[in-house]
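First the structure, in the form of structure tokens, and then the observations on it.
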Amino acid sequence: MVRVELFTRAYDHPDSVKLIADLQQVFVVRYGDEDVTPVDPAQFAAPRGHFVVGYLDGVPVACGGWRAHDVADGSIRPGDAEIKRMYTVDSVRGRGLSRQVLAELESSARAVGRTRMILETGTRQPEAIGLYESSGYERIDNFGVYRDHPESLCFGKEL
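Just so you know, the UniProt record's numbering puts 69 at position 69 of the sequence shown, and the rest follows in order with no gaps.
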């Protein structure tokens, strides 16, 4: 496994923005449109959120973040941390980088008292589904804007 250097970055840091834009293009190819989930960059600032960018040889190649939830809403529970914008560039996939990003997100959420990680991914993202299931995530009822979306799959993992 290649070790990626992880650095906390703002959601709107230039390296974050570049990787998120690349991820949005993946959504366009796989689903026909960008992910339009409402996201405010401030939601990913400590202590109510966290965003990291992973670098190999100084080049940004992976990212991911979480944002806090403290109001029950369907399968969302107070204390949840929702993972958003997990992504690894194609050229370095399969080297364990997303697993490292995921471990960092879980660790940082646990450190500030979050009790469960939740996330949404799509049916056309088998690599993401495989990562989450092999990391101990289990299906939960779809939540929020994904509640009635037929191509959405939601997962959760107790911290």
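For every residue, glycine included, the Cβ atom is placed at its ideal position computed from N, Cα and C.
Note that this is a predicted model, so its numbers are computed, not measured.
By a C-beta neighbour count over all protein chains shown, 10 Å radius and 16 as the cutoff for buried, is Glu-158 buried or exposed?
exposed
Quick check on DSSP: helix, strand or coil for Asp-22?
When secondary structure is reduced to three states using DSSP, Asp-22 falls in the helix class.
Quick one: using the 10 Å Cβ neighbour count with 16 as the cut-off for buried, is Val-29 buried or exposed?
Exposed is the call here.
Between the segment 50-64 and the segment 4-11, are three or more C-beta pairs nearer than 8 Å?
yes
Measuring only the C-alpha atoms, how far is Gln-24 from Met-86?
11 Å
Restricting to runs no shorter than 3 residues, where is the beta strand (DSSP E) found entirely within the segment 36-119?
49-56, 59-69 and 80-88
Would Asp-80 be called buried (16 or more neighbouring beta carbons within 10 Å of its own) or exposed?
buried
To the nearest angstrom, how far is the alpha carbon of Val-61 from that of Pro-41?
20 Å
Which residue from Val-59, Ala-46, Asp-73 and Ser-75 puts its Cα closest to that of Arg-67?
Ala-46
Just confirm the distance between the C-beta atoms of Ile-140 and Ser-75, as a whole number of angstroms; I'd bet it's less than 8 Å.
5 Å
Output the boundary residues of the beta strand (DSSP E) element that contains Ser-134.
Element bounds for Ser-134: not the beta strand (DSSP E) but the alpha helix (DSSP H), 126-134.
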